[in-house]
DNA sequence: AACTATACGGACCACTAGTCCGTTTGGCGA
DNA sequence: TCGCCAAACGGACTAGTGGTCCGTATAGTT
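Residue numbers (our numbering), protein chains in the order written: chain H, 1 to 192; chain A, 193 to 384.
Encoded structure:
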């Protein structure tokens, strides 16, 4: 990859990030806007990222890398605890990157599920679920847990205080993974 | 409402239904297509339904009415059982109305959550959850359960056989509502 | 310095949701 | 039955979008 190409790639991502952060709605940000803000021709955008979704996905992945490192799996801590952490972090991420995540998840073409980050988190969660309750339906349950923090649900419940979300996530993860300090169903061994 | 207006409304909905059913992707169906197929001017579409989302929503609500009647709450049956039925029915509905539900749920502007049908089902589910485990976080858990059958998740898992979905939904609802014949966590009283 | 693969930019295209306004018509009151 | 007008109609028109194309410029190599 040529040096100017790389430079442009960066400035496009930066510009797009700025614009999405400033917008209140994903489709307030057009490709022309991004090109202009990046000081780059429109052709460059499309050559580099293929199409709009490609650009959004690239930006999303880039920002998601922080999360990835911050949340490594640790075999010592209880699975339920780790799962709650993970979902809280995703919630946080979606609050912090509101418009961007909305853009990705409502971009059509099954795009919320066709990105590396999703696969990664889904794999991690599947592992945790399997650890907590066996592999039986772990795959689906992991999908379901991730769906519980989908960005337009977050958007729909945007005026909930953090506490309420925490209670909800605790209750959900507690139920599905077999507790870890929840109010309901307190007396149960973590095994099976 | 004038007779011709009503007539046109019906034929627009019918045409739109036909087109969405035939399509493989929501945005293969343009407003012009619908107007043409309904034998009606484009102005008529927008006067009646406001905008694209309005039309989609109207069609969705119309088709959703069948479900509404088929799934009345019955105070005698266990809540978990009813909840599973409900989610299965929604899954079925989303399989049968694939493109339409995709259109609605990825239409932007929080549209998946801004329609009467969603409110209805959410209210019903909240009731069932509250009945099964108390009102504490019932609201959120109901959202989470509905998110577990979101149409693009259904789409993502489109080649899963029915059985696998059933297992998954059983596991999920069993965990959250406190069982009804599930393998995990069998010995728990339904109260608290 | 010369050369070429690579990248650039912005005019251009096809198409879309949504508007506008001159024309038609349903249905009511006389 | 007739006339009237609010309501409804239709389709040309607009503004704006994502995406393409190709003549031009340049990075980097020999």
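We put the CB at the ideal spot given by N, CA and C, even for glycine. These numbers were taken from a predicted model, which means no experiment stands behind them.
*residue 378/A CB to nearest chain H CB: under 7 Å?*
Confidence at residue 378/A is low in this model, with a pLDDT of 32, below 50, so its placement is unreliable and the value that follows should be read with caution. No, no contact with chain H.
*Taking only runs that begin and end inside the region 74-115 of chain H, name each unbroken alpha helix (DSSP H) of 4 or more residues, in chain order.*
Complete alpha helix (DSSP H) runs here, min 4: 79-96 and 98-105.
*CB of residue 117/H to nearest heavy atom of the ligand ADP: below 6 Å?*
Inclusion of the ligand ADP in the displayed structure is not the case, the ligand content being empty and no account of it being possible.
*Could you tell me if residue 286/A is buried or exposed, where buried requires 16 or more neighbouring beta carbons within 10 angstroms of its beta carbon?*
Result: buried.
*Would you tell me roughly how many angstroms separate the C-alpha atoms of residue 144/H and residue 70/H, rounded to the nearest one?*
For residue 144/H and residue 70/H, the distance between alpha carbons rounds to 23 Å.
*Below 7 Å between beta carbons: does that hold for residue 156/H and residue 256/A?*
No; because the gap between Cβ atoms is not below 7 Å, this pair is not in contact.
*Hey, how far is the Cα of residue 124/H from the Cα of residue 73/H?*
Answer to the nearest angstrom: the Cα atoms are 8 Å apart.
_Endpoints, the alpha helix (DSSP H) within which residue 357/A is located_ = That run of the alpha helix (DSSP H) goes 354-369.
*When DSSP labels each residue in this structure, what does residue 62/H get in the three-state scheme?*
If DSSP states are grouped into helix, strand and coil, residue 62/H belongs with the helices.
*asked:* Which residue wins for smallest C-alpha separation from residue 214/A, given the options 290/A, 350/A and 308/A?
replied: For residue 214/A, the nearest C-alpha among the options comes from 290/A.
*Starting from residue 44/H, trace the alpha helix (DSSP H) both ways and give me its first and last residue.*
Residues 42-49.
*May I ask you to verify whether the region 310-325 of chain A touches the region 233-243 of chain A, counting CB pairs closer than 8 Å and requiring at least 3?*
Because the criterion of three Cβ pairs below 8 Å is not met, the region 310-325 of chain A and the region 233-243 of chain A do not touch.
*Tell me whether residue 31/H sits in a helix, a strand or coil according to DSSP, three-state version.*
In the structure shown, residue 31/H sits in a helix (DSSP, three-state: H, G or I).
*Mind reading off the beta-carbon distance from residue 369/A to residue 275/A? Whole number of angstroms is fine, and I expect it under 8 Å.*
Contact flag correct, Cβ pair sits at about 6 Å.
*When burial is assigned at 16 or more other CB atoms within 10 Å of the CB, is residue 43/H buried or exposed?*
In summary, residue 43/H is exposed, with fewer than 16 beta-carbon neighbours lying within 10 Å of its beta-carbon over all protein chains present.
*C-alpha distance - residue 33/H paired with residue 259/A, whole-angstrom precision*: When rounded, the separation of the alpha-carbon atoms in residue 33/H and residue 259/A is 44 Å.
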